[in-house]
Ligand SMILES: [Zn+2]
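Numbering (our numbering), first residue to last: 1054 to 1348.
Laid out in structure tokens, this is it:
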């Protein structure tokens, strides 16, 4: 069943292309992305030309590591088959909700939610700041580790803050480690920085080179402490198409938390930066890349 009532009908909806691929065809398509030059390599030591074992397994001639084509890659993080991954990536590219995507692919809501989290992590891992966002101590580290991160201790005023920056029609989302929610409240009080609240999200006026600072709060954030200063913030002046694009979409995400917030911000930046293109090839390439190892 589709959760039509939860979908903002003002958003463009893209019809899914006919899904005619078989499981074998889907697997071939993903294998071509995993081994772009056709040479299979050991994920542990990088040696090419492993031995073929029974059951599709491979063994490295150098370090004896036994692996298979998808070992260590994002798409191996769930039990989805290649065809289901392909369909899920298409559903994600078409901006279907989690519930709609689950129905489209023929999987449970929980499986779809987990797989879409893997897809969002895979997108984020493509960025130069992946370690900052996913490494030890970073907001997404527990999610990457599969730990139950959602219920942990609230961060309060040390909540992470992101900067939005536009350069020649492209949007960049930067984690700003030197700025916390507390700094935003301080700038609001003492330097008249305009801040607008949308539910748990705070977005500010221009700050230094950034179009805006943005953060997702939790129940420990003292929202009542915010001061209203006269005038509009730049993001809501009508001249900032990224926020016009992002705000209705953020409202649709269920269970938005400060920890998962960078997943959605990075997703929306990618969607915005590629808004005239089909995202599916980029999503599949991200899924076929290796999960980074952060010591
Ligand atoms: Zn090896």
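All C-beta atoms in this analysis are idealised placements derived from N, C-alpha and C, irrespective of residue type, glycine included.
As the structure is a prediction and not an experimental result, all values here were calculated from the model.
| query | In three-state DSSP terms, what is residue 1262? | reply | In the chain shown, the residue the question calls residue 1262 occupies position 209. It is coil, neither helix nor strand.
| query | Which partner residues of residue 1219 appear in the DSSP bridge assignment? | reply | Along the chain shown, read from residue 1 onward, the residue named residue 1219 stands at position 166. Beta-bridge pairing links residue 1219 to 1224.
| field | Proximity test, residue 1163 beta-carbon vs ligand 1 heavy atom, cut-off 6 Å | value | Counting from 1 along the chain shown, the entry for residue 1163 is found at position 110. No, the Cβ of residue 1163 stays beyond 6 Å of every heavy atom of ligand 1.
| query | Going by other Cβ atoms of all chains shown within 10 Å of its Cβ, with 16 needed for buried, is residue 1272 buried or exposed? | reply | Here the question's residue 1272 lines up with position 219 in the chain shown. Answer is exposed; the Cβ neighbour count stays below 16.
| query | If we count the other Cβ atoms within 10 Å of its Cβ and call it buried at 16 or more, is residue 1130 buried or exposed? | reply | In the chain shown, counting from the first residue as 1, residue 1130 sits at position 77. With 16 or more Cβ atoms within 10 Å of its Cβ, residue 1130 is classed as buried.
| query | Could you check where the alpha helix (DSSP H) with residue 1256 kicks off and where it finishes? | reply | As a first step, residue 1256 is located in the chain shown; it is residue number 203 there, counting from the start. Careful: residue 1256 lies outside any alpha helix (DSSP H), inside the beta strand (DSSP E) at 1254-1257.
| query | In whole angstroms, what is the alpha-carbon distance linking residue 1081 and residue 1307? | reply | Here residue 1081 corresponds to residue number 28 of the chain shown, with the count starting at 1. Here residue 1307 corresponds to residue number 254 of the chain shown, with the count starting at 1. Whole-angstrom Cα-Cα distance: 34 Å.
| task | Check whether the Cβ of residue 1118 sits closer than 6 Å to any heavy atom of ligand 1, and report yes or no. | result | As a first step, residue 1118 is located in the chain shown; it is residue number 65 there, counting from the start. Yes, ligand 1 has a heavy atom inside 6 Å of this Cβ.
| query | Can you tell me the Cα-Cα spacing of residue 1054 and residue 1246, whole angstroms? | reply | To locate residue 1054, count along the chain shown from 1; it is residue 1. To locate residue 1246, count along the chain shown from 1; it is residue 193. At residue 1054, the pLDDT of 30 sits below 50, so the modelled position is not reliable and the matter cannot be decided from this model.
| query | Is the distance from the Cβ of residue 1092 to the Cβ of residue 1115 below 7 Å? | reply | Taking the chain shown and counting its residues from 1, the one referred to as residue 1092 is at position 39. Taking the chain shown and counting its residues from 1, the one referred to as residue 1115 is at position 62. No, the Cβ-Cβ distance between residue 1092 and residue 1115 is not below 7 Å.
| In its own chain, which residues sit with a C-beta less than 7 Å from the C-beta of residue 1162, not counting the 5 before and 5 after it? | What you label residue 1162 is simply residue 109 of the chain shown in a count that begins at 1. Closer than 7 Å at Cβ, skipping near neighbours: 1151, 1152 and 1155.
| Would you call residue 1076 buried or exposed, if buried means 16 or more other Cβ atoms sit within 10 Å of its Cβ? | Along the chain shown, one-based indexing puts residue 1076 at 23. Label assigned to residue 1076: exposed.
| field | Any non-hydrogen atom of ligand 1 within 6 Å of residue 1094 CB | value | Start at 1 with the first residue of the chain shown, and residue 1094 comes out as number 41. Checking every heavy atom of ligand 1 against the Cβ of residue 1094, none is found closer than 6 Å.
| Does the beta carbon of residue 1304 come closer than 7 Å to any beta carbon on chain D? | Absence of chain D from the displayed structure is noted, only one protein chain being present.
| field | Rounded straight-line distance, which links the Cα of residue 1290 to that of residue 1170 | value | In the chain shown, counting from the first residue as 1, residue 1170 sits at position 117. In the chain shown, counting from the first residue as 1, residue 1290 sits at position 237. Whole-angstrom Cα-Cα distance: 32 Å.
| Roughly how many angstroms separate the alpha carbons of residue 1097 and residue 1117, rounded to a whole number? | Within the chain shown, the letter at position 44 stands for residue 1097. Within the chain shown, the letter at position 64 stands for residue 1117. If I take the Cα positions, the gap works out to 10 Å.
| query | What alpha helix (DSSP H) runs, 4 residues minimum, are completely inside the stretch 1288-1325? | reply | 1294-1305
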